[in-house]
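First the structure, in the form of structure tokens, and then the observations on it.
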Amino acid sequence: MLGGTTILAAATGCGTNYIPNTDVPDNEENRSIIAFCELYRKAVERKDVNLMLKMTSPDYYEDGGNPDASDDMDFVQFKKWLTGEAVDETGLSFQDAMAIRHEIRYRRVIQDDKRIFVDYTYSASFKVPTSHGDQWKRKVEDNRLELVVDDAGEFKVIAGM
166 MLGGTTILAA ATGCGTNYIP NTDVPDNEEN RSIIAFCELY RKAVERKDVN
216 LMLKMTSPDY YEDGGNPDAS DDMDFVQFKK WLTGEAVDET GLSFQDAMAI
266 RHEIRYRRVI QDDKRIFVDY TYSASFKVPT SHGDQWKRKV EDNRLELVVD
316 DAGEFKVIAG M
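Count the sequence shown with my numbering and you get residues 166 to 326, in order.
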């Protein structure tokens, strides 16, 4: 019996350990990155605009993932959309969303000299007002958060919200 236990321990000890409920290797740096991303996810669900803005780099720029510049947002435009001062291409702002549920499956973390890329799949469910009453919307997509580390050593989102 001891021989079987030794083989099992050896076989399971060679694999990569992942942060629970992610596909991201478990190490201290990745855990801190995922913890930051989880703060963002929870801020979205709570519609905590102040926290979301605190987590956002002043250099934030989102190109919408396409060549159409009309849906691009810098920090000022993003702030206006979050606070309800501006709307997106659907005519809605973040403030119009209700009962938000935002789930994330983290796929990988990639780092280079200046940026951290967090690839993930999200499922978002929320209600929005329409002329026919409140309607549920659901979106499932792959996305990438791009993070930088500021002068104070804190993560900031520079793209991908």
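Yeah, the Cβ is synthetic: ideal placement off N, Cα and C, and Gly gets one too. Predicted, not measured: the structure shown is a model, and the values here were computed from it.
Out of Glu210, Asn192, Ile198, point me to the one whose CA is closest to Lys292's CA.
Glu210
From Ala262 to Trp246, what distance separates their C-alpha atoms?
12 Å
Just to check my reading of the structure: Ala324 and Tyr205 have Cβ atoms closer than 8 Å, yes? What is that Cβ distance to the nearest angstrom?
With 8 Å as the limit, Ala324 and Tyr205 do not qualify as a contact, their Cβ atoms being about 13 Å apart.
Please list the terminal residues of the continuous beta strand (DSSP E) segment that includes Ile281.
281-295
Complete alpha helix (DSSP H) runs within the segment 205-231 (minimum length 4 residues, chain order):
214-219
Sorted by chain position, which residues of the same chain lie with C-beta nearer than 6 Å to Gly249's C-beta, five sequence neighbours on each side aside?
Ser258, Gln260
Does the beta-carbon of Asn231 have 16 or more other beta-carbons within 10 angstroms, so that it is buried, or is it exposed?
exposed
Counted within 10 angstroms of its Cβ, other Cβ atoms place Ala208 as buried (16 or more) or exposed:
buried
Own chain partners of Glu227 with C-beta closer than 6 Å, once the 5 adjacent residues on each side are dropped:
Met238, Ala324
Run the CB neighbour count on Thr221, radius 10 Å, all protein chains shown included, and call it buried at 16 or more, exposed below.
buried
Does Val305 have its Cβ less than 9 Å from a Cβ in chain D?
Although the question refers to chain D, the structure presented lacks it and comprises just one protein chain.
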